[in-house]
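Report on the structure given below.
In my numbering, the protein residues as written are 27 to 334.
Structural data, given as structure tokens:
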């Protein structure tokens, strides 16, 4: 009788019972539909000779013309190489940093000091990249930068942190770690908090030291979270934000700072070649999806820890 009653209950019953929860879904669902799914129709511009006067529907189809054009351009391969290089280097430094920071914060004994430290390391994430670009210029400028002024007063030579490509690459990664490590550590801190404390107590009884507990309990405990975040990061290996390389970069280091996002901006907005820019963006998205699927398949093949 109870089973038949559950079968008769339709969507209307649950909507009436949990209408507050469904109402809370309206805004996020509307956001994704309006700003994420509806604009997907615009990818057809990559296959059309788009004209702002004719619109998307009125522009004529040209097939793979723009894809053939971008694959025949040396500049595209340069920005694609730079995108991969910056993301790989950033992955090597920016990905382990929040894990290490989360472990360090979780090892603090003073609750008050821990909270103050967390607040301080979270703050850079909320600073605009435009502001960070100004701070970078004030700190690392070859002539007037604070760091180089200190180096010269100590008897050394100025270091071209933002005017030489290899030094710029180091500066780019260091600023990225400083800006994102604190915020990205939140998920790992939560994962560490979910580890059974009895494991640490048993390890203490067995005579394990602090580093032994981290290696044998903490890291295995947050391993699923690390793998999940790594898979997501691998999926965005060819996707790079516009603000960071554009603000920190300059003409003297364009050989490294010119990436796909800045290239799309230059071609799409400055040159008004919207079809070419859309083709580059579509290629970027498809490549990211393929990398995500490959990384997830490898994780599932290894120990079944993939996200789907």
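Yeah, the Cβ is synthetic: ideal placement off N, Cα and C, and Gly gets one too. Keep in mind that this is a model prediction, so the values were computed, not measured.
Buried or exposed (CB count within 10 angstroms, at least 16 for buried), residue 255: buried
Where residue 227 sits in the DSSP three-state scheme: helix
Span separating the alpha-carbon of residue 215 from that of residue 62: 30 Å
For residue 109 and residue 261, the rounded distance between their alpha carbons: For the pair residue 261 and residue 109, the Cα-to-Cα distance works out to about 13 Å.
Beta-carbon proximity check, residue 290 vs residue 316, cutoff 8 Å: no
Where residue 62 falls: helix, strand or coil (DSSP): helix
Residue 167 vs residue 177 beta-carbon contact at 8 Å: no
Distance, residue 73 Cα to residue 43 Cα: 47 Å
Whole-angstrom distance between residue 47 and residue 40, CA atom to CA atom: 10 Å
Segment contact, 8 Å Cβ cut-off, at least three pairs: the segment 266-285 with the segment 194-202: The segment 266-285 makes contact with the segment 194-202: 3 or more CB pairs, one atom from each, lie closer than 8 Å.
Length of the line joining the Cα atoms of residue 284 and residue 180: 34 Å
Reduced DSSP category for residue 276 - H, G, I as helix; E, B as strand; rest coil: coil
Pick from 203, 171, 71 that is closest to residue 126, judged by C-alpha positions: 203
Which residues DSSP lists as bridging residue 75, in chain order: 86
Inter-residue Cα distance where the pair is residue 281 and residue 53: 42 Å
Nearest-angstrom Cα separation, counted from residue 265 out to residue 85: 28 Å
Euclidean distance between Cα positions of residue 35 and residue 56: 27 Å
Nearest neighbour of residue 118, chosen from 240, 313, 263 [CA to CA]: 263
Through-space distance from residue 292 to residue 298, alpha-carbon basis: 9 Å
Alpha helix (DSSP H) segment containing residue 256, residue limits: 249-261
Candidates 233, 228, 221, of which the one nearest residue 246 by Cα: 221
Residue 225 vs residue 243 beta-carbon contact at 8 Å: yes
Inter-residue spacing [alpha-carbon to alpha-carbon] between residue 321 and residue 314: 11 Å
Backbone CA spacing between residue 70 and residue 173 [nearest angstrom]: 49 Å
Beta-carbon separation (whole angstroms), residue 137 vs residue 286, contact threshold 8 Å: That pair is no contact at about 44 Å.
Residue 80 in three-state terms, based on DSSP: coil
Coarse secondary structure for residue 31, derived from DSSP in three states: Since pLDDT at residue 31 reaches only 49, below the 50 mark, its modelled position is unreliable, and the value read off the structure follows with that caveat. Helix at residue 31.
Residue 120, buried or exposed, once every other Cβ within 10 Å from all chains shown has been counted against 16: Burial call: buried.
Secondary structure of residue 283, DSSP reduced to three states: helix
Three-state secondary structure assigned by DSSP to residue 189: coil
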